[in-house]
Amino acid sequence: MDPFLFFTLIFIATIYLIVKTCIVVPQNYCFVVERLGVFRGALGAGFHFLIPIIDQIRYKQLLKEIAIDIPPQTCITKDNVSILVDGILYIKVMDPYKASYEIENFRSATIQLAQTTLRSEIGKLVLDHTFSERDDINANVVRALDEATDPWGIKVTRYEIKNISPPKEILHEMEEQVKAERVKRAEITISEGEKAARINRSMGERQEAINLSEGEKTKKVNEAEGKAKEIEFIAKAKAKGIQQISDAIGNEGGAEAVNLQITEDYLSGLGVILEKAKTTVLPTEMANVVGFFEGISKVTNKFPGLDSEKE
C-alpha cells in the first residue's frame with residue numbers, strides 16, 4: 001500500500017473523529033444528542049465531547065424568538081363578507097426536547113394552527129369590528145396558540161395582523177360610508193353653529209328690547225315728572241292769580257272789574273266758537289242780551305279809562 005495514501009486516510013479519519021468528538025454549540029442554540037438512537041441529553045452553548053459513531057447530534061434548536069410570516073388567507077366575517085388576512089407570529093422554543101420529539105415540524109404546525117384560529121376569531125366579528133378590534137383579535141389568537149403549543153415546548157409571545165383586505169366592492173361601500181359620515185359631521189357642525197348664532201341673536205334682541213323698555217320707562221317717568229311739575233306750577237300760578245283777584249275784589253270797583261274780565265273772556269270764547277262752528281246759536285231771550293250789554297255800558301261808564309284804552 002502506498003504510504004502517502006495510508007497517511008492520508010489516517011489524517012482524514014483523525015479529522016473525522018475530532019469533528020465528531022469535539023462539539024462547539026453556539027450561543028442561543030441547543031443541540032439534542034442521541035446515543036444509539038436514544039435521547040441522551042441537550043447540549044447548551046459551549047464546548048462538548050461526544051463519543052464518535054455512538055453519539056449523534058439529531059436536532060439543532062434555535063432558542064431565539066422566531067418571527068414567522070402567516071400567509072394570506074380568506075376569512076369570512078359574521079356578516080358573510082370574505083376578506084383576505086395575513087399576519088406575523090412570534091414564537092420561542094422553551095423546551096428543546098419537546099420541540100424535537102413531541103411534534104414533527106413545530107413551525108409548520110404553528111402556522112396551520114394560527115390560520116385556523118384566526119379564521120375562527122374573524123368569524124365572530126362583523127366587518128367593521130375587524131378593523132377596530134385588532135388588539136382583541138391578536139390577544140385571542142396568542143392565548144389560543146399558547147395553550148395549544150405548550151405540549152410542544154413552544155411559547156407564543158405575540159401575533160400581529162398585518163393586512164385586512166376586503167373586496168373592491170366592499171372598499172367602495174366603505175369609502176361611501178366614510179364620505180357620508182363626513183357630510184353628516186359637517187352638517188351637524190353647521191347646524192350647531194346656526195343654533196349658537198340664533199341663540200346669540202335672540203339674546204341680543206332680548207337685551208335690546210330690555211334696554212328700549214328701560215329707556216321708554218325712564219322717558220315716561222321723566223315726562224310724568226315734567227307734567228307734574230308743570231301742573232304744580234300752573235296750579236300755583238292760578239292760586240296766586242285767584243288770590244290777587246280776591247284781593248282786588250276787596251278794593252273799590254274790584255267786583256265790577258272782575259265782571260268785566262269775565263265778560264271779555266266770555267265774548268272771546270263765544271267769538272271763537274262762532275268762527276269755528278258751522279251753525280250759529282243765539283240766545284232765545286233777547287232781553288237777556290240787552291240786559292247783558294246794559295251791564296257792560298254801566299261798567300264802561302264806571303271806568304272811563306277802559307273806553308280810552310279800547311280806542
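Residue 249 in full-length UniProt numbering sits at position 249 of the sequence shown, with consecutive numbering throughout. Quick reminder that beta carbons are idealized off the backbone N, C-alpha and C, glycines included. These figures come from a predicted structure and were not determined experimentally.
Contacts around residue i, its chain only, beta-carbon distance under 7 Å, and the 5 residues preceding and following it disregarded
i: I161; result: V85, G87, R134, I137, N138
i: K78; result: G123, K124, L125, V126
i: L212; result: none
i: G44; result: V25, C30
i: H48; result: I23, V25
i: P3; result: none
Buried or exposed (CB count within 10 angstroms, at least 16 for buried), residue i
i: E104; result: exposed
i: A237; result: exposed
i: T149; result: buried
i: V289; result: The predicted position of V289 is uncertain, since its pLDDT is 49 and thus under 50; a value taken from the coordinates is nonetheless stated next. V289 is exposed by the Cβ-count criterion.
i: residue 345; result: The shown model of the chain, from 1 to 311, leaves out residue 345, and the question about it has no answer.
i: I91; result: buried
i: I83; result: buried
i: T117; result: buried
i: T21; result: exposed
i: S100; result: buried
i: I70; result: buried
Backbone CA spacing between residue i and residue j [nearest angstrom]
i: residue 326; j: I154; result: Only positions 1 to 311 of the chain appear in the structure, and residue 326 is not among them; the question remains open.
i: L89; j: R185; result: 39 Å
i: P26; j: G46; result: 7 Å
i: V19; j: P52; result: 9 Å
i: K195; j: K229; result: 50 Å
i: K60; j: E34; result: 12 Å
i: T189; j: F131; result: 27 Å
i: Y97; j: L62; result: 12 Å
i: A180; j: C75; result: 27 Å
i: I57; j: F106; result: 19 Å
i: N80; j: I170; result: 12 Å
Contacts around residue i, its chain only, beta-carbon distance under 6 Å, and the 5 residues preceding and following it disregarded
i: M94; result: G153, K155
i: N163; result: D86
heavy atom of the ligand FMN below 8 Å from residue i C-beta
i: P72; result: Within the structure as shown, the ligand FMN is missing, as the structure has no ligands at all.
Quiz prompt | Ranges of the alpha helix (DSSP H) found wholly within the segment 122–196, counting only runs of at least 4 | solution = 127–132, 134–149
Quiz prompt | Segment contact, 8 Å Cβ cut-off, at least three pairs: the segment 26–37 with the segment 65–74 | solution = no
Quiz item: Counting only runs that start and end within the segment 19–98, where is the alpha helix (DSSP H) found for 4 or more residues in a row?
Solution: none
Quiz item: Counting Cβ pairs closer than 8 Å, one from the segment 106–117 and one from the segment 139–146, do we hit at least three?
Solution: yes
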